[in-house]
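First comes the structure, then the notes that go with it.
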Amino acid sequence: GENVEQHPSTLSVQEGDSAVIKCTYSDSASNYFPWYKQELGKRPQLIIDIRSNVGEKKDQRIAVTLNKTAKHFSLHITETQPEDSAVYFCAASPHTGANSKLTFGKGITLSVRP
Amino acid sequence: GAVVSQHPSWVICKSGTSVKIECRSLDFQATTMFWYRQFPKQSLMLMATSNEGSKATYEQGVEKDKFLINHASLTLSTLTVTSAHPEDSSFYICSARNPPGGGDTQYFGPGTRLTVL
């Protein structure tokens, strides 16, 4: 099955700096890669996703890049703010359809220092 | 759009009792719902995939007789933890898929914190 690795487990940045979070996956058949943000005790919120037919997607301060050859994808947050502090999970789905399911990475705790 | 609710948001029960958790898609019909379990400071672990009108597909290591899943309509799935024990204490989160134009996107409910005494 799919295996998603996420490193490091924690990341601390100064407010205003950029943060980059990287994930790798093992199944070359994976074609859908979402990123979720989860604040303590709350639900995971989808912040951006990318499909394997594109290499990059951007939404305001957030961007995701995908390298299918190397099987890794990254989340980029620019101009970080304290409210960006949360746990971020990457995930991969090996195929579309009714029975496709997400495999999550272990998560990274991002701390933005004011 | 794409709102998913869960009820209850938290529950405390005695060991040996059963607890039912509801997951509802409020503004779309969800052909597929997923149930996850999350321990403190850990990732989301998929327990089962639930398709409306059919039996749930459980992940390896998840006891189907202990975690009963029913997906009776396109907007409601339920998870019943039977004969709960302290080790079942966890944060249970559902997600739903298939909002209009949503494709593979899963939208999560707010979670249910279960504490078994």
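Protein chains in written order, with my numbering: chain A, 1 to 114; chain B, 1001 to 1117. Note that the Cβ used here is the ideal one computed from N, Cα and C, for glycine as well.
Roughly how far, in whole angstroms, is the beta-carbon of residue i from the beta-carbon of residue j, given that I think they are within contact range, below 8 Å?
i	j	result
S30 of chain A	E2 of chain A	6 Å
I108 of chain A	T10 of chain A	7 Å
I50 of chain A	V64 of chain A	5 Å
C1023 of chain B	Q1038 of chain B	Not a contact, Cβ separation roughly 15 Å.
Q1085 of chain B	S1015 of chain B	Note on residue identity: the sequence assigns His, not Gln, to residue 1085 of chain B. That belief holds up - the Cβ atoms of H1085 of chain B and S1015 of chain B are roughly 5 Å apart, short of 8 Å.
P128 of chain A	D17 of chain A	Because residue 128 of chain A is not part of the residues shown, which for chain A are 1 to 114, the question remains open.
Q1029 of chain B	L1074 of chain B	4 Å
Counting along the chain, where does the beta strand (DSSP E) carrying residue i start and finish?
i	result
R1024 of chain B	1019–1025
S1043 of chain B	Premise fails: S1043 of chain B is in no beta strand (DSSP E) and is neither H nor E.
E39 of chain A	From DSSP, E39 of chain A is part of no beta strand (DSSP E); its letter is neither H nor E.
E5 of chain A	4–7
A86 of chain A	86–92
S1015 of chain B	That residue, S1015 of chain B, is in no beta strand (DSSP E); it is neither H nor E in DSSP.
T10 of chain A	10–14
T1105 of chain B	Looking at the DSSP string, T1105 of chain B is not in any beta strand (DSSP E), and its letter there is neither H nor E.
V1062 of chain B	Premise fails: V1062 of chain B is in no beta strand (DSSP E) and is neither H nor E.
V112 of chain A	108–113
V1004 of chain B	1004–1007
Find out if the Cβ-Cβ distance for the pair residue i, residue j is shorter than 7 Å.
i	j	result
V1081 of chain B	V1004 of chain B	no
D83 of chain A	R61 of chain A	Per the sequence shown, residue 83 of chain A should be read as Glu rather than Asp. Their beta carbons are not under 7 Å apart, which means E83 of chain A does not touch R61 of chain A by this criterion.
S145 of chain A	S111 of chain A	Residue numbering for chain A in the displayed model covers 1 to 114; residue 145 of chain A lies beyond these limits and cannot be assessed.
L1044 of chain B	F33 of chain A	no
N1070 of chain B	T1078 of chain B	yes
E1059 of chain B	L1046 of chain B	yes
K68 of chain A	S52 of chain A	yes
Q38 of chain A	R113 of chain A	no
I1012 of chain B	T1112 of chain B	no
Name the DSSP bridge partner or partners of residue i?
i	result
I1093 of chain B	B:Y1036
V64 of chain A	A:K57, A:L75
F1067 of chain B	B:V1081
N1051 of chain B	B:T1032
L1119 of chain B	Chain B is shown only over 1001 to 1117; residue 1119 of chain B falls outside these bounds and no answer can be derived.
I50 of chain A	A:F33
T24 of chain A	A:E5, A:H72
A19 of chain A	A:I77
T1057 of chain B	B:T1049
Below 8 Å, how does it come out for the region 1048–1055 of chain B and the region 1017–1033 of chain B: are there three or more Cβ pairs, yes or no? The region 1048–1055 of chain B vs the region 1017–1033 of chain B: in contact.
If contact is defined by three or more beta carbon pairs under 8 Å, each pair taking one atom from either stretch, is the region 40–56 of chain A in contact with the region 1102–1112 of chain B? yes
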